[in-house]
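The sequence shown begins at 499 in the working numbering and counts up by one.
Just so it is clear, CB atoms sit at the ideal spot from N, CA and C, and this is done for glycine as well.
Below is one structure; the comments refer to it alone.
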Amino acid sequence: MTGKPVRADLRARKKSLPVVAALNSGTPEAARLRALLTSPEALTEDDLARAAHLVVAAGGKDWAEAEADAQLAAANASLADIDLPAGVRAELTAIAEFITARTW
């Protein structure tokens, strides 16, 4: 948990990794998400809930999670090749897992 309010990035219309993946998915949901995020009106709570649903429906969440898993696996493989004390390796692994964990 980052401590940020739920949907804060969507509210600010930030292009987070899941949003970018969703927008580039070529799906009908991506087009609806794009229209919603480029609308000049302020986003309501209903709009934010719809945008979050569209990110998931367009595959943005799954893509971002898969990419995080791939990067975590690559980092762990790199750590395995380095001569480190076991405690240091475990701490670095725990940090990487904490950073990549996300609650939706």
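Original post:
Where L590 and T598 are concerned, what is the direct C-alpha to C-alpha distance, given to the nearest angstrom?
Top reply: Within the model, the alpha-carbon separation for L590 versus T598 is close to 12 Å.
Subject >> Exposed unless 16 or more other CB atoms sit within 10 angstroms - verdict on L582 >> reply: exposed
**OP:** Within its chain, find whatever has a CB closer than 8 Å to the CB of A513; leave out the 5 residues flanking it on each side and keep chain order.
**Re:** Reading off the sequence, residue 513 comes out as Lys, not Ala. Around K513: L521.
**OP:** List the endpoints of the continuous alpha helix (DSSP H) containing N574.
**Re:** G558 to A578
Original post:
If you pair each beta-carbon of the stretch 555 to 567 with each one of the stretch 525 to 538, do three or more pairs fall below 8 Å?
Top reply: yes
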